[in-house]
Amino acid sequence: MSAVISSRDPQDLARRVEQAISTAIADLSAGRRDKAVATLARFTPSQDLNAAHQSLIARVLVGAGAHLPAVRWFEGALSADPAFAEALTGRATTLLVLERLEEAAAAFEAALAAGVRDPGALYNFGTVLVRLKRDAEALAAFDLAVTLRPAFPAALRAAGRLLDTKGQTAAALHLFAEATRHAPRDIDAVLDLANLLRRGERLVEALAVYDTALTHSPEHALLWNNHGMVLHDLGRMDEAIESLEQALSLDPAMAQAHMNRGNVLIRLNRQEDSLAAFAEALNLRPVYPEALSSRGLALKMLGRFEAARADFDAALRQDPNFIYAIANRGELNLLLGHFGPGWPEYEYRFFTERQQKPALKTPVPEWRGPGDRVARLAVFADQGSGDSLQFSRFLPEVAAHAAEVTLICLPRLQRILSDVTGGLHVCGSVADDAVFDAQITLSSLPTVFKTNLDTLASSRPYLRPEPALVQRWAPRIAGEGLKVGLCWRGSQNWQCDPNRSVPFGALAPLADVPGLRLFSLQMPDNAERLGEARSLAVEDLSGELDTGADAFIDTAAVIAHLDLVISCDTSIAHLAGALGRPVWVLLQAVPEWRWLLGRDTSPWYPTMLLFRQTQAGDWTGPIGEVTKALRTLARA
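Mapped onto the UniProt record's numbering, the consecutive letters of the sequence shown carry residue numbers 1 to 636.
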């Protein structure tokens, strides 16, 4: 029942309202929210009540979760005093809670027009404006809030997040850093700063942010989890495991930390152990496509291909748009020789964080392949050196569908790729205003050409060494014996699979082959382990090869003089294959997709033979086969 409001006894009304407010506050403090609301429901907003009383009733109702009646009480307060600041901001904020965004924005504007300069209200106003996509006004509101209260982490973070969406990374980082300076225990501020640094690959700085935060909040499991993932990105896997296990000691039910631990174990070549970590993550969170996809990768590396496919499929049932599972399944299909579904799914790699798709500054349509005749086509070499050498085989076919083809590649590859096909223009970059009719990435060419094992077969070399360099290297390689180039280590970047490389000492059996003359084709930073097999005499060319700005030009000339190249899975194998020279490739048990399975020849390179591990990590078998084959070759 509503109270009888009598203008003849305002003091009595005020006394009863104050008593009801006190009772309601006591009920609210004791957790009796419904009782607090019921106590205040005996009254209705009235001109007979002053603005302060009505605004206080509204605030108690907000505390009790009764937002609709709270709005009416704030409006009653404003009827009594249109300039009452607390009611102006309270009504606006309550409308925000009720998701009545347009009304909330108008209410905040009214408060500002009345001269209200409350930092908290300005922050809430900015929040409304962000929701309404009025970003410039939102940023102004956050800026004013911080001007009035410099130590306002929430407003600093909100402004930083908005600037980040606009690509203003440096300004966003500054604001996030200010937020952490004012509130070093503010986990959200720490995460904003560290995540943006990590996204910009400023990993050492991101790690320092987490290190500092952990001195203030060592009990925070999420900080340890993220600390571990930055260590993972830095290639410091053993330390990453320690941080993730610390996270799990604080929160054993953190599914994310179990999954991240599984991913690090994969990098440590502990796939079997990773399966247990993924199982724990999925036990805690059954709907977890990220964990299913990661477990699929581990299963693929263990050679359990059908189980891997089942996990990728399960991840996509949970989230049909989960791009990592699509890309992972695409690579599995390619590995198994299922090119039809494999190539389109392989394209999803560009939507993951693994690889950014290069593109022209000005919008230009994607080239759709044969039938899409264009005048000027830009082709971007989008992956590593070996991939560029491998996929450049398609450039002559591209030239048949465009009057002018420009290949944009790493500057160091320009020279070796310049003679792939007549009329091809090769450059390291193009001007922002360069004019093209279409664009495509080099590694997408097999997709648009619908490449399969039959169309892939070709006996024609598509790279050629420079005649002058071939002549210059002739005296250096001249002499008797079976001349064999060796490359046993690929890139030492942790993101490249270290299992591809062969320990130099494992090549020692080659010393038993008579008449063999071995040349190191390693780059200087990878040639330092020649002493691991002292019985194996190798002529080290590492300090002489490709010492200038151009990659592979001397190596190609040397290979022209060799009888054979023996290489692990790295760019030298692709170079020898593209040159049409005999090359034997040592492959791990489950190799990259391009080498397929169960065959000793490569459809990519007709002069290539493949020697595969039968047991993961054991090079004894393939090197024994190579040694036997070399003896036969040396006797020929």
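From the three backbone atoms N, C-alpha and C, an ideal C-beta is built for every residue, glycine too.
#1: Quick one: measure Cβ to Cβ for Leu282 and Leu292, integer angstroms, because I've assumed they're closer than 8 Å.
#2: Counting pairs of beta carbons, one from the stretch 140 to 148 and one from the stretch 123 to 130, are three or more of them closer than 8 Å?
#3: Starting from Leu445, trace the alpha helix (DSSP H) both ways and give me its first and last residue.
#4: Which residue marks the beginning of the beta strand (DSSP E) containing Val379, and which one marks its end?
#5: What are the partner residues of Val538, as DSSP defines its beta bridges?
#6: Under a Cβ-count criterion, where at least 16 other Cβ atoms within 10 Å of its own Cβ denotes burial, should Glu345 be classed as buried or exposed?
#7: Sort Asn333, Leu316 and Ile572 by Cα distance to Thr555 and report the nearest one.
#8: Rounded to whole angstroms, how far is the Cβ of Ala375 from the Cβ of Glu397, which I believe are closer than 8 Å?
#9: Exposed or buried, Gln613, counting other C-beta atoms within 10 Å across all chains shown (16 or more means buried)?
#10: Would you tell me roughly how many angstroms separate the C-alpha atoms of Glu99 and Asp233, rounded to the nearest one?
#11: Terminal residues of the continuous alpha helix (DSSP H) containing Gln615?
#12: May I ask you to list the residues that DSSP assigns as paired with His425?
#13: Given this structure, state the Cα-to-Cα distance separating Thr447 from Tyr605, to the nearest angstrom.
#14: So, at 7 Å on beta carbons, what are the nonlocal neighbours of Gly369 in its own chain, with the 5 sequence-adjacent residues on each side left out?
#15: Alpha carbon to alpha carbon, what distance is there between Phe611 and Val626?
#16: Relative to the alpha-carbon of Leu541, which residue among Tyr210, Gln522, Trp367 and Ala113 has its alpha-carbon at the smallest distance?
#17: Could you give the residue range of the beta strand (DSSP E) that holds Ser567?
#18: Among the candidates Ile323, Arg309, Phe322 and Ile477, whose CA atom is the shortest distance from the CA of Arg333?
#19: Can you find at least 3 beta carbon pairs, one from the stretch 561 to 572 and one from the stretch 419 to 429, that sit closer than 8 Å?
#20: Leaving out five residues on either side along the sequence, give the residues of the same chain with a beta carbon under 8 Å from the beta carbon of Val130.
#21: How many angstroms separate the CA atom of Ile241 from the CA atom of Leu265?
#22: In angstroms, rounded to a whole number, what distance separates the CA positions of Leu13 and Val62?
#23: Within 10 angstroms of its Cβ, does Asn321 collect 16 or more other Cβ (buried), or is it exposed?
#24: Decide if the stretch 593 to 609 is in contact with the stretch 456 to 463; the criterion is three or more beta carbon pairs, one per stretch, under 8 Å apart.
#25: For the alpha helix (DSSP H) that Ala511 lies in, which residues bound it at each end?
#26: Whole angstroms are fine: how far does the CA of Asp313 sit from the CA of Pro475?
#27: Counting along the chain, where does the alpha helix (DSSP H) carrying Gly126 start and finish?
#28: Just to confirm, is the Cβ distance from Ala616 to Val590 under 9 Å?
#29: Return helix, strand or coil for Ala58, following the three-state DSSP convention.
#30: Measuring CB atoms only, is the stretch 242 to 255 touching the stretch 219 to 232, in the sense that at least three cross pairs come out at less than 8 Å?
#31: Based on the DSSP output, what are the partners of Ala485 in its beta bridges?
#32: Would you mind reading off the limits of the beta strand (DSSP E) that contains Gln256?
#33: Within its chain, find whatever has a CB closer than 7 Å to the CB of Val17; leave out the 5 residues flanking it on each side and keep chain order.
#34: What residue does the beta strand (DSSP E) around Leu360 start on, and which one ends it?
The structure says:
#1: 7 Å
#2: yes
#3: Leu445 to Val448
#4: Val374 to Phe380
#5: Leu518
#6: buried
#7: Ile572
#8: Actually they do not touch by this definition, with Cβ atoms about 17 Å apart.
#9: buried
#10: 40 Å
#11: No alpha helix (DSSP H) contains Gln615, which DSSP labels as neither H nor E.
#12: Thr406
#13: 19 Å
#14: Val448 and Phe449
#15: 7 Å
#16: Gln522
#17: Leu564 to Cys568
#18: Before going on, a small fix: residue 333 reads as Asn here, not Arg. Nearest option by C-alpha distance: Arg309.
#19: no
#20: Ala138, Ala158 and Leu162
#21: 8 Å
#22: 22 Å
#23: exposed
#24: yes
#25: It is not in any alpha helix (DSSP H) - Ala511 carries neither H nor E in the DSSP assignment.
#26: 57 Å
#27: Pro119 to Arg131
#28: yes
#29: helix
#30: yes
#31: Residue 485 is actually Gly in this sequence, not Ala. Beta-bridge pairing links Gly485 to Phe519 and Val565.
#32: Where Gln256 is concerned, there is no enclosing beta strand (DSSP E), although the alpha helix (DSSP H) it sits in stretches over Ala255 to Arg267.
#33: Phe43, Leu49 and His53
#34: From DSSP, Leu360 is part of no beta strand (DSSP E); its letter is neither H nor E.
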